[in-house]
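Residue 4 is where the sequence shown starts when you use our numbering, and the numbers rise one by one after that.
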Amino acid sequence: MINKAPVELKRTLSPLLVWGLGVGYVISGMYFGWNLGLEQGGTLGLAIATFFIIIHYATFTFSYTELACAIPRAGGAFDYAERALGKDIGFIVGMAQNIEFIFAPPAIAFAIGAYFNLFFPGLSILSIAVFVYVVFTALNIYGVKAAATFELIITIFAVGELLLFSGLTLPHFESGNLSQNAFPNGWPGVFAAIPFAIWFFLGIEGVANVAEETINPQRTVLIGFGSAILTLVILCVLTFLSAVGVAGWEAIVFGKDGAVSDSPLPLALSHIVGDNSFLYHLLITVGLFGLVASFHGLMLASGRSTYEFGRVGFAPAFLGRVNSRFKTPANALLINMGIGIVTLLTGRTGEIITISVFGALTLYAISMIALLHLRKSEPKLERPFKVPFYPVVPIVALVIALVSLIALAIFNVKLGLIYLVLVGLCYGIFKLWNLRKPAGINS
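In structure tokens:
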């Protein structure tokens, strides 16, 4: 039976909205999680890791923009890899992308629940997190422009709060605080800190997944993507220096009870204004916007990724259908919500984040291989934007991604095996399903 539902997503996104999405996907990484890399590498160890990760994301973004402008489809990396390297590699990249985008939001949802729990102790963290999933899934189903506009508004608040935090802490910055126990674990600490450096920028590539919904994709993606990564690099450096410079790295890793904290900015600010001041509570309140921005943005990107998987026949066809009224991938969004809620119930948010990073690094590496291959196999492909200094730029991005992936596997052997089993199992089902598919069915 032929599906008569619309199969095209609606083009409504401007460069400003794409900027909001790009920054919003990532900005929660400035508010929590990154400071755990200080425990691994100290100030210098995390700084070295972050330096190379910034180089990676800068080179990766320019390279990925070429792919997004040449092939503006909702699948992002999956579409590029399939075209360049075939269906099997395309499926693997698509699964890596799905794992990244579907498994990161539960950790952020749990953090949102923890924030609300501070103000409403009677509500459980889990119930708040589930409620947030339902609300933002509904918003994404309603329409991409409404979702992106909301994302832009809360992202502007979140960016403003980071600038306010820097303005309050930088006058108290002391360079000596950066050198306190700066390299406690030597070079192994640098490699151990890599996942937390990646957390600063994880998800920025989600911009490519909305390329099919942008007005004039070639221009919009280039401007929106480029300005987003520039904004994030500036915020990363400001946040890192202003937080650590107040009282040293240990002050934003360990709370008053000596336990490892996931709230570096409030800890830093408490050394200046105390933990009962208006500014301290303002930071906590507005900090919630950063979490919501990333949660909501990654849900939007994951919906497009899953939708494209269904649209091309790599997953059940109902996932690739567009809602006839709202012209959004409602089925894909609902399935992702279900997976996210089940993941929340495990309570293992830290491990889930690491598995998400495994997916991201797989995507980064194979995407660069796809770019290099497409330049040779399809030299006449229309490329409205070409990465400068080719092939040096994509090769640099590829090398850093591979080194980071190896380091992540060495320091997280068990989680790496879980990731491989998950991808391998899905790949086996995919191959078996295709073998049994009746002849003549379009995949």
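From the three backbone atoms N, C-alpha and C, an ideal C-beta is built for every residue, glycine too. In this text the structure is predicted, and so the values were computed from the model without any measurement.
Cβ shell of residue i (< 6 angstroms), same chain only, five flanking positions each side left out
| i | result |
| --- | --- |
| Cys429 | Met98 |
| Tyr118 | Leu291 |
| Leu238 | Met33 and Leu165 |
| Ala196 | Gly40, Gln43, Gly44, Gly48, Leu49 and Ala52 |
| Gly79 | Ala211 and Asn212 |
| Phe361 | Tyr422 |
| Gly192 | Gln43, Gly44 and Gly48 |
| Val426 | Met98 |
| Ala185 | Gly45, Thr46 and Leu47 |
| Ile131 | Gly116 and Phe119 |
| Trp37 | Phe199, Trp202 and Phe203 |
Residues near residue i in its chain [Cβ-Cβ closer than 8 angstroms; skip 5 each side]
| i | result |
| --- | --- |
| Ile58 | Val399 and Ile403 |
| Gly27 | Glu154, Leu155, Ile157, Thr158, Ala161, Ala296, Ser297, His299 and Gly300 |
| Leu408 | Phe361, Leu364, Thr365 and Ala368 |
| Ile56 | Ile197, Ala200, Ile201, Phe203, Phe204, Ile403 and Ser407 |
| Ala410 | Phe194, Ala195 and Ile197 |
| Lys389 | Glu69 |
Counted within 10 angstroms of its Cβ, other Cβ atoms place residue i as buried (16 or more) or exposed
| i | result |
| --- | --- |
| Trp202 | buried |
| Arg328 | exposed |
| Phe123 | exposed |
| Asn279 | exposed |
| Phe113 | buried |
| Gly190 | Note on residue identity: the sequence assigns Trp, not Gly, to residue 190. Its Cβ having fewer than 16 others within 10 Å, Trp190 is exposed. |
| Gly116 | buried |
| Ala304 | buried |
| Asp82 | buried |
| Thr349 | exposed |
| Ala84 | buried |
| Val147 | buried |
| Pro319 | exposed |
| Gly89 | exposed |
| Pro391 | exposed |
| Ile232 | buried |
| Gly229 | buried |
| Glu216 | buried |
| Phe63 | buried |
| Gly170 | exposed |
| Glu381 | exposed |
Sheet register partners of residue i (DSSP bridge)
| i | result |
| --- | --- |
| Thr217 | Leu16 |
| Phe257 | Val263 |
For residue j and residue i, the rounded distance between their alpha carbons
| i | j | result |
| --- | --- | --- |
| Leu244 | Ala214 | 34 angstroms |
| Leu225 | Glu154 | 19 angstroms |
| Thr346 | Phe104 | 13 angstroms |
| Gln43 | Trp436 | 43 angstroms |
| Met340 | Thr140 | 7 angstroms |
| Asp91 | Ile432 | 12 angstroms |
| Phe106 | Tyr422 | 11 angstroms |
| Val395 | Ile413 | 27 angstroms |
| Ile159 | Val295 | 12 angstroms |
| Gly476 | Leu235 | Any property of residue 476 remains undetermined from this structure, which presents the chain solely from 4 to 446. |
| Arg314 | Phe321 | 8 angstroms |
| Thr152 | Gln183 | 43 angstroms |
| Val406 | Gly125 | 45 angstroms |
| Thr250 | Gly209 | Reading off the sequence shown, one finds Ala at residue 250, where the question assumed Thr. Looking at the two C-alpha atoms, the distance is approximately 35 angstroms. |
| Lys417 | Val424 | 11 angstroms |
| Val325 | Leu142 | 15 angstroms |
| Pro75 | His284 | 42 angstroms |
| Arg14 | Leu24 | 15 angstroms |
| Asp260 | Pro174 | 27 angstroms |
| Asn415 | Asn120 | 31 angstroms |
| Pro267 | Phe168 | 11 angstroms |
| Gly93 | Arg86 | 8 angstroms |
| Ala373 | Thr172 | 43 angstroms |
| Phe134 | His376 | 44 angstroms |
| Ser178 | Tyr60 | 27 angstroms |
| Met302 | Ile342 | 12 angstroms |
| Cys72 | Pro220 | 6 angstroms |
| Arg378 | Tyr393 | 10 angstroms |
| Leu447 | Ile144 | With the chain covering only 4 through 446, there is no way to say anything about residue 447. |
| Pro109 | Phe312 | 21 angstroms |
Chain-order list of residues whose beta-carbon lies under 7 angstroms from that of residue i (same chain, five-residue window excluded)
| i | result |
| --- | --- |
| Arg307 | Ala77, Asn212, Val213 and Pro332 |
| Gly277 | Tyr283 |
is_contact[residue i, chain D] using C-beta, thresh 8 angstroms
| i | result |
| --- | --- |
| Glu154 | Chain labels in this structure do not include chain D; a single protein chain is all it has. |
Cβ-heavy atom distance, residue i to the ligand NAP, below 7 angstroms
| i | result |
| --- | --- |
| Leu285 | You won't find the ligand NAP in this model; it holds no ligand whatsoever. |
Does the region 347-362 come close enough to the region 377-386 that 3 or more CB-CB pairs lie under 8 angstroms?
-> The region 377-386 makes no contact with the region 347-362, as fewer than three CB pairs between them are under 8 angstroms.
Is the region 246-257 touching the region 267-278 in the sense that three or more CB pairs, one from each, lie closer than 8 angstroms?
-> yes
Looking at C-beta atoms only, is the number of pairs between the region 63-71 and the region 360-374 that lie closer than 8 angstroms three or more?
-> yes
Is it a yes or a no for the region 276-295 touching the region 160-173, going by three-plus beta-carbon pairs under 8 angstroms?
-> yes
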